[in-house]
Amino acid sequence: MGQVRNSEVADLFTLVANLLDIQGANPFRVRAYRNAARVLANESRSVAEMVDRDHELETLPGIGRDLAEKIAEIVHSGHLPLLQELEKKTPPSLVSLMKIPSLGPKRVRVLYEKLGVKNIDDLKEAAEAGKIRELPGFSEKSERHILEEIRKLRLRGAERMKWADAEEVVRELVPYLEDVEGVKRVTVAGSFRRKRETVGDLDILVACSKSSPVMERFIHYPEVGEIVSHGPTRSIVILRSGLQVDVRVVPEISYGAALVYFTGSKSHSIKMRGMAVKSGLKINEYGVYRGKRRIAGRTEEEVYRAVGLPYIEPELREDRGEIEAALKGRLPKLVEIGDIRGDLHSHTLATDGANTLEGMAEAAKKLGYEYLAITDHSRHLTVAKGLDEERLMQQIREIDRLNEKLVGIVLLKAIEVDILEDGELDLPDRVLRHLDLRVCSIHHRFGLSREKQTERLIRAMDNPYFNILGHLTGRLINRREGYDIDFERVFAAAKERGCFIEINSQPERLDADDTLCRQAKEMGLKFAISSDAHSVESLKFMRFGVSQARRGWIEADDVINTRPLKELKRLLVR
DNA sequence: GCCGTTTTCGGCCCGACTGTTTTCAGTCG
24 MGQVRNSEVA
34 DLFTLVANLL
44 DIQGANPFRV
54 RAYRNAARVL
64 ANESRSVAEM
74 VDRDHELETL
84 PGIGRDLAEK
94 IAEIVHSGHL
104 PLLQELEKKT
114 PPSLVSLMKI
124 PSLGPKRVRV
134 LYEKLGVKNI
144 DDLKEAAEAG
154 KIRELPGFSE
164 KSERHILEEI
174 RKLRLRGAER
184 MKWADAEEVV
194 RELVPYLEDV
204 EGVKRVTVAG
214 SFRRKRETVG
224 DLDILVACSK
234 SSPVMERFIH
244 YPEVGEIVSH
254 GPTRSIVILR
264 SGLQVDVRVV
274 PEISYGAALV
284 YFTGSKSHSI
294 KMRGMAVKSG
304 LKINEYGVYR
314 GKRRIAGRTE
324 EEVYRAVGLP
334 YIEPELREDR
344 GEIEAALKGR
354 LPKLVEIGDI
364 RGDLHSHTLA
374 TDGANTLEGM
384 AEAAKKLGYE
394 YLAITDHSRH
404 LTVAKGLDEE
414 RLMQQIREID
424 RLNEKLVGIV
434 LLKAIEVDIL
444 EDGELDLPDR
454 VLRHLDLRVC
464 SIHHRFGLSR
474 EKQTERLIRA
484 MDNPYFNILG
494 HLTGRLINRR
504 EGYDIDFERV
514 FAAAKERGCF
524 IEINSQPERL
534 DADDTLCRQA
544 KEMGLKFAIS
554 SDAHSVESLK
564 FMRFGVSQAR
574 RGWIEADDVI
584 NTRPLKELKR
594 LLVR
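In this note's numbering, the protein residues as written are 24 to 597.
Printed below as a string of structure tokens:
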């Protein structure tokens, strides 16, 4: 099999772009490759499968005849002749040099041509030997800077921070800035505001009076590890945690324009600018202009209205069709945390959770839920003390007793049952039938081939007690790739059988992710957004799953746990 | 290399900061 993944094609195009860039190629050609890489990485349908359907690839934005042919070459032969050509002229390892801040394509090229520097080790050697200061465009200072950056690069892997971790930083930093005299508004924009599952840095916008010392105070924030740059309207620091934070001061009259600009995504704002140009306008971070005259900019709504669009939620701003949808008045009304009426995945002390049934029920009630499903693990997951038939029956009886006492919250009798390698569920039907719902998940044999893994899931869904497919891909952000499955087949099978897809809210899971949510939604599937809580505190993870769902264009109506209990129960009977 | 209500050529987002520098190129977001 070994079908080529979209991300693999995207990586090859990114490499081509970087090598072309270093070789000094036409910058627009470079951009075309970068743009194509992004489009492919964001596309949920498999491009490998689109190759053989007539001209289908060329319907993707940024993919023309030439790139479509190159994709076909990659899919059919496994490599790209253009790349081999480029690699003859320029060693691909040069790309790694661009990880050093201040080294871009031009300077990397100089390093290679004048000193033969091919990788970070060469770079370090050349810098230590004092050779770099001799080069045009470099100095003794930049040489020291390079050595320092190499040291730092080795210290911290250049890993993106999980959204939930970034939020911890935001929760302290934003009030600190808000507290400075003269500060009127503080907003974290960028990928944080778009609720991407990970963020590379924080972009913070501040509106303040002219005399406000906010920049001075920012660079003296106790957590600052290093000041990268410092100016009156823009400063960049790196916190001790390694997170880069960028603060920009913008006038209040431009706040909306700046929000649009710095929330991005880059390609969303570029598309907006393009639309503006067509109607004789210019958009920048200060406002919308007709000639010299500013016609909008105080609020985001104003900026969107100026180019004939309704307000677009930050989570949608990825240039994945939201602008076209907005033009047609077809933007989704995204699900909100307040729409959620209950949680369909949680654990207790019986397996690997930290709290009792009562404890979980009380906590769920405090969150305003109507119901909470207790889904402890099944016997196969021995490390988590998974429940066998007998212990599960005992838990069922306990829940029945408890429900008689509980007011304002109902516990659902449920299980997170393992999907075994052959597609059987880990507990017999005679016990599963006593439950209100079953979340079915894979917890072992992640490495099966795509064919086998897909069959395993579909066979499991053949069981009439299969309700919700837990953490769709099993990936762990920054730690583990998901298992290889044919999403289209799995979604089609789930739809046919009346099964639902979980959006798992654990910050390192957020699985299914945004693009898969969107794909599944387009195939007509419904979702359960669940916390997978292992403690009373982590019931609150729900909002992370809601964010991911919103990025996937999911509406309240697409989510089964926005329904009242009675309606939910009907949906759970296949 | 893509794209087209400015359509097959000639455009392609734009401003801040740094320092390679003394008027501007490179990098970055």
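Where is the CB? At the ideal position from N, CA and C, for every residue including glycine.
DSSP state of VAL406 mapped onto helix, strand, coil:
helix
Looking at CYS540 and ARG566, is the spacing between their C-beta atoms short of 9 Å?
Their beta carbons are not under 9 Å apart, which means ARG566 does not touch CYS540 by this criterion.
Residue span of the alpha helix (DSSP H) that contains GLU325, given as start and end:
323–329
Coarse secondary structure for ILE432, derived from DSSP in three states
coil
Close Cβ partners of TYR334 (< 7 Å) along its chain, the five nearest in sequence each way excluded
GLU323, GLU324, TYR327
contact_flag[the segment 369–386, the segment 418–432] where n(CB pairs < 8 Å) is 3 or more:
yes
When the Cα atoms are used, what is the spatial distance from MET24 to ALA95?
A caution first: MET24 carries a pLDDT of 41, below 50, which makes its placement in the model unreliable, though a value can still be read off. Approximately 16 Å, taken between the alpha carbons.
Within this structure, are the beta carbons of VAL330 and LEU304 separated by less than 9 Å?
yes
Smallest Cα separation from ASP445: which of GLU525, LYS436, ILE86, ASN486?
Of GLU525, LYS436, ILE86, ASN486, the residue nearest in Cα terms is ASN486.
I think ALA60 touches ALA91, with their Cβ atoms under 8 Å apart; what is that distance to the nearest whole Å?
ALA60 to ALA91, Cβ: 14 Å. No contact.
Which residues bound the beta strand (DSSP E) around ASN58?
First-last for ASN58: 50–65, but that is the alpha helix (DSSP H), not the beta strand (DSSP E).
Buried or exposed, going by whether 16 or more other CB atoms sit within 10 Å of the CB of SER252?
SER252 should be labelled exposed.
How about LEU158 and LEU106: are their beta carbons less than 9 Å apart?
Taking a C-beta distance under 9 Å as the contact criterion, LEU158 and LEU106 do not qualify as a contact pair.
With a floor of 4 residues, list each alpha helix (DSSP H) that falls wholly inside the segment 426–499, ordered by position along the chain.
Counting whole runs of 4 or more residues, the segment 426–499 contains the alpha helix (DSSP H) stretches 452–455, 473–485.
Cβ of SER258 within 9 Å of Cβ of MET238?
yes
Can you find the residues in the same chain that come closer than 8 Å, C-beta to C-beta, to ARG502, ignoring five residues on each side of it along the sequence?
GLU531
Three-state secondary structure assigned by DSSP to LYS112
helix
Kindly indicate which residue of ASP202, PHE523, GLU249 has the alpha-carbon position closest to the one of GLU172.
GLU249
In chain order, what residues of the same chain lie with their CB nearer than 8 Å to the CB of GLU201, ignoring the 5 residues before and after it?
Cβ within range, chain order: VAL209.
Range covered by the beta strand (DSSP E) that runs through GLN267
267–272
Going by the CB atoms, is the gap between TYR278 and ARG240 shorter than 9 Å?
no
Please go through the same chain and pick out, in chain order, the residues whose beta-carbon is closer than 7 Å to the beta-carbon of LEU443, but skip the five residues on each side of it.
HIS403, ASP449
One or two residues paired with GLY310 in a DSSP bridge
ASN307
Pick from ALA280, THR286, PHE285 that is closest to ALA299, judged by C-alpha positions
If we check each option's Cα against that of ALA299, ALA280 comes out closest.
Should the segment 60–70 be called in touch with the segment 131–146, which here means at least 3 C-beta pairs below 8 Å?
With the cut-off at 8 Å, the segment 60–70 and the segment 131–146 do not touch.
Own chain partners of ALA516 with C-beta closer than 7 Å, once the 5 adjacent residues on each side are dropped:
ILE481, MET484
Apply the 10 Å Cβ neighbour rule to PHE51 and answer buried if 16 or more other Cβ atoms are within range, or exposed otherwise.
exposed
Run of the alpha helix (DSSP H) containing VAL193, from where it starts to where it stops
186–201
Looking at the strands, I want to know which residues DSSP matches up with PHE550.
ILE524, VAL582
If the criterion is Cβ atoms closer than 9 Å, does the pair ASP602 and ARG156 meet it?
Residue 602 lies beyond the stretch modelled for the chain, which goes from 24 to 597, so this question has no answer here.
Opening and closing residue of the beta strand (DSSP E) in which GLU249 lies
Here the beta strand (DSSP E) through GLU249 covers 247–253.
Considering only residues of the same chain and omitting the five flanking positions on each side of LYS289, which have a CB-CB separation below 8 Å?
none
Going by other Cβ atoms of all chains shown within 10 Å of its Cβ, with 16 needed for buried, is LYS218 buried or exposed?
buried
LEU266 versus MET184: straight-line alpha-carbon distance, rounded:
8 Å
When DSSP builds the beta bridges, which residues end up paired with SER401?
LEU410
Collapsed DSSP secondary structure at ARG208 in the structure displayed:
strand
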